[in-house]
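If you're matching positions, the sequence shown starts at 2 in our numbering and goes up one per residue.
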Amino acid sequence: MSVSNDKIEKYLKLAKKKPQYYAKLGDLYSDDGDFKTATTYYQKAVDNGVLAYTVLGDTWGYRSQYKKAFDAYTEGANKGEAECFARLGFCYETGYVKIDIQKAIECYAKASDLGVAAAARSLGDLYYFNTPIEDSKIENVKNALNYYERAFYLGDIEVAKKIGFIYLNNEELKDVPKAIEWYEKGLSLGDSSLNFDLAYVYLNDRFVPHDYKKGLKYLLDGVHLNDPESLYMYARVRETGMYKVEPDKKAYIYYLKKAAALGQDDALLDLGYYYYNKGKYDDALDCFAQCELEVVGLYWAIATICEEQKKDYKNALRYYQAAMEMDFPDAIERMAEAYLGDELGLEKDEKTALKLFKRAAKLGNAAAQYNLGMAYACGYYGVTPDKDKALHWLKQSVKGENSSACLQVGLYYYYTVKTKVAYKKAFSLFTDAYNFGEYEAIINIGLCYLQGNGVKEDKKEAVKCFKTAAEKYSSGVAYHNLGICYENGFGVRKDYKKAIEMYGKAVENGEKAGLEAIKRVYLKMNVNQA
């Protein structure tokens with residue numbers, strides 16, 4: 002316990018003659034988190050005529066004794082303790098007792114009349130957010146303004162931000178000069194966060210003809226006073242070069258870190274992404290953990306870090322599911338893959354995987370569209386083969402630049418349709434597939450050059466393609482095709498020994514057809530020698 006024993010003894014002695022010291026004892030224990038003992042002393046205070054019902058009710062509330070909290074507030078209100086009316090308003094508004102908005106309004110209004118600024122603000126919030134009150138929406142906003150102004154003049158200077166916002170953004174009450182006036186009032190009384198709001202007004206043509214000099218002055222004032230919103234906005238200015246400010250990546254990161262250190266959620270998110278892209282995953286996770294935004298990209302990033310870097314599959318699953326619940330197609334597709342492969346602690350379930358592939362495909366995920374297309378093409382996951390559906394989803398996947406889909410649709414045009422137009426489409430798709438990362442597609446590009454389908458015949462170019470696939474990607478098929486070229490003199494000088502060498506490498510890399518090819522070439526060599 003961090004409560005001073007000396008202070009306790011002192012207050013206990015004083016309380017015998019001045020019972021308000023029982024309340025002070027309650028404060029000591031409440032500040033220390035010992036709400037049970039605090040309740041005891043607050044009760045002694047009220048039993049001795051001290052108006053300490055608000056704090057008594059609060060400590061009952063901290064202990065989840067809501068009925069006792071409500072009773073304390075009620076007794077305090079009956080004895081004229083102003084803050085108790087505000088607390089009763091909160092009880093009726095939020096459900097400490099049965100929700101009754103009209104009673105909440107009455108209690109807040111009484112507290113407001115007795116000078117409680119927070120009650121006036123709460124009344125303003127009730128009207129502004131239109132919590133079922135039967136006046137018209139615009140009348141509710143007008144009432145909100147009246148109570149916000151009362152709260153301001155009762156000492157709640159931060160409410161100037163709300164008043165300014167209404168005058169700036171409500172179409173029926175819009176009054177930009179009034180908004181600026183209220184922002185200036187709050188700023189003059191010490192709410193430095195309003196530098197950001199004033200900067201926003203002057204830097205945007207939506208409200209007044211832009212005045213970059215004035216807007217940037219307010220923004221920099223906010224920066225110098227360590228206002229988180231101003232720091233984040235200035236970071237973005239330095240990143241993008243808005244408002245004729247010289248872009249500077251180092252300055253961007255510097256101010257982004259300052260805003261993030263003060264808990265600005267957008268800054269935490271952006272800094273997390275920055276660390277993520279730099280491969281600093283621990284730093285990224287630290288930022289994401291502090292960010293309170295419910296952003297699907299954040300869940301996705303955390304999930305991928307947990308899975309790929311931390312091997313923490315339990316948390317990876319948790320965040321993939323969170324992203325999936327927000328209809329993020331990449332997360333839905335990843336969950337489908339997990340159900341197929343016994344991954345992330347999930348049991349194999351092809352039916353669920355198929356359902357998720359369909360959902361992700363409809364949301365535009367190219368990988369899911371490819372998997373769904375192949376399911377319809379080959380009858381995977383219990384699907385009845387359907388050529389039209391297969392082509393539909395594979396073509397959709399091509400639009401999403403999925404390399405495997407580009408290859409499959411290219412193969413369809415090349416080997417099934419087999420017209421001049423189809424060959425051209427196939428060549429284009431094979432090229433796209435290779436550029437998008439399907440490296441063995443270069444073999445198909447080579448075949449197009451070799452046979453003159455879809456492109457002008459160029460056997461030397463075909464050999465180059467096969468060599469690339471063979472040497473860079475160890476493709477048995479590519480080695481086999483090189484064997485054919487050396488055997489027949491396609492694009493190279495005919496060379497049976499080289500052909501046998503290539504066929505041998507084809508076999509080494511899994512292309513068993515190379516064995517028959519080797520026999521064939523040896524027969525040719527024997528015939529020529531004879």
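Cβ atoms here follow ideal geometry from the backbone N, Cα and C, with glycine treated the same way.
| Item | Value |
| --- | --- |
| Completely contained alpha helix (DSSP H) runs for the segment 84-120, where each covers 4 or more residues | 102-114 |
| Beta-carbon gap between residue 57 and residue 46 smaller than 9 angstroms | yes |
| Validate contact between the segment 99-108 and the segment 60-69 using beta carbons, cut 8 angstroms, 3 pairs | no |
| For residue 53, the first and last residue of its enclosing alpha helix (DSSP H) | Looking at the DSSP string, residue 53 is not in any alpha helix (DSSP H), and its letter there is neither H nor E. |
| Run of the alpha helix (DSSP H) containing residue 239, from where it starts to where it stops | 229-241 |
| Residue from 391, 368, 421 and 441 with nearest C-alpha to residue 401 | 368 |
| Range covered by the alpha helix (DSSP H) that runs through residue 298 | 297-305 |
| Local conformation of residue 343 per DSSP, three classes | coil |
| Same chain, Cβ closer than 8 angstroms to residue 274, five either side skipped, listed in chain order | 285, 298 and 302 |
| Simplified DSSP state of residue 190, which is helix, strand or coil | coil |
| Start-end ranges of the alpha helix (DSSP H) lying completely within the segment 388-438, minimum 4 residues | 388-400, 404-413 and 421-436 |
| Contact set for residue 478: own chain, Cβ-Cβ below 8 angstroms, skip 5 residues either direction | 441, 444, 470, 507 and 512 |
| Beta-carbon proximity list for residue 474, same chain, < 7 angstroms, skipping 5 on both sides | 440 and 441 |
| Cα-Cα separation between residue 212 and residue 168, rounded to whole angstroms | 20 angstroms |
| Rounded Cβ spacing between residue 84 and residue 117 (contact assumed at less than 8 angstroms) | 6 angstroms |
| Spatial neighbours of residue 194 in its chain, beta-carbon cut-off 6 angstroms, leaving aside the 5 residues before and after | 228 |
| Secondary structure of residue 481, DSSP reduced to three states | helix |
| Candidates 438, 419 and 257, of which the one nearest residue 405 by Cα | 438 |
| Reduced DSSP secondary structure (H/G/I, E/B, other) of residue 246 | coil |
| Reduced DSSP secondary structure (H/G/I, E/B, other) of residue 322 | helix |
| Option nearest residue 480 by Cα separation, candidates 514, 399, 104 and 72 | 514 |
| C-beta atoms of residue 352 and residue 377 nearer than 9 angstroms | no |
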